[in-house]
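Working notes, structure below.
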């Protein structure tokens, strides 16, 4: 446990070599990267952490923002004494955080990999931000007091993972799932991240105008289940658009669901290892 930004965070460091930070999507934990770590740790210092309220980390002291999450990544690296430029891998929502880190901390960025990252072409903040934040917090408290996380949290986690993976199974240990998703703390953090999603997307849109991307490698990995559906084609088109905006290498990974770390961990590792490390 390391205190970063005033919040005790659960951080896992493994391996040796240049730093690589793995940041999971909305409501997910450090253990969701487990299939990727053995492929990277012989070559990289792999850092995983739980954002406030998620996994084993303490609850947040304030709602999430793009700049705040970028600063959190920098703070985790500082707390570990990792000063050289780091590769940052962001899955889903954390793709916003990885891009914000690159734009706000260009000298500390060796490259980024966006793993089926969230895409919002013309984001706008949702109305009544403070009211939504208060409502999400209150909703979390009420549901927690009613015992919903303990009763349904682990089952809902399992269903979500199975629906987001072509393997249709959740390989995470049942005890870890129970200890995390069975708590009101994780439920409240998940609800808060969801409530502030549009605000974070709009904030990143503003950062794109004010802070150019550094000249580092960027890879966009897009999940392609291989169904050929219109929904899949539209999603791949949006991912290609993101890659074009960031002047990034684009790769459609198939067959794979949104949880690429479970379906195709080797594709994530290959994208990271293809980028030569940058020495400070």
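In this note's numbering, the protein residues as written are 2 to 281. We put the CB at the ideal spot given by N, CA and C, even for glycine.
key: For residue 123, the three-state DSSP class (helix, strand or coil)   = coil
task = Could you have a look at residue 94 and say whether DSSP puts it in helix, strand or coil?
result = coil
request  = To the nearest angstrom, report how far apart residue 56 and residue 119 are at their CA atoms.
outcome  = 21 Å
query = I think residue 51 touches residue 30, with their Cβ atoms under 8 Å apart; what is that distance to the nearest whole Å?
reply = 6 Å
task = Helix, strand or coil for residue 261, going by three-state DSSP, please let me know.
result = helix
request  = Please state if the CB of residue 254 and the CB of residue 261 are separated by a distance shorter than 9 Å.
outcome  = yes
query = What whole-angstrom Cβ distance do residue 21 and residue 221 have, given they're in contact under 8 Å?
reply = Contact doesn't hold; Cβ gap of about 17 Å is too wide.
query = Does the distance from the CB of residue 170 to the CB of residue 180 come in under 9 Å?
reply = no
message = Just to confirm before moving on: does the CB-CB distance between residue 116 and residue 88 stay below 9 Å?
response = no
query = How would you write the range of the beta strand (DSSP E) that residue 272 sits in, first residue to last?
reply = It is not in any beta strand (DSSP E) - residue 272 instead sits in the alpha helix (DSSP H) that spans 266-274.
request  = Have a look at 104, 109 and 64 and flag the residue whose alpha-carbon is nearest the alpha-carbon of residue 77.
outcome  = 109
query = From what residue to what residue does the beta strand (DSSP E) around residue 66 run?
reply = Careful: residue 66 lies outside any beta strand (DSSP E) and carries neither H nor E.
request  = Would you decide whether residue 188 is buried or exposed? Buried here means 16 or more other CB atoms lie within 10 Å of its CB.
outcome  = buried
key: Straight-line gap, residue 58 to residue 212 (C-alpha atoms, nearest Å)   = 30 Å
query = Under a Cβ-count criterion, where at least 16 other Cβ atoms within 10 Å of its own Cβ denotes burial, should residue 267 be classed as buried or exposed?
reply = exposed
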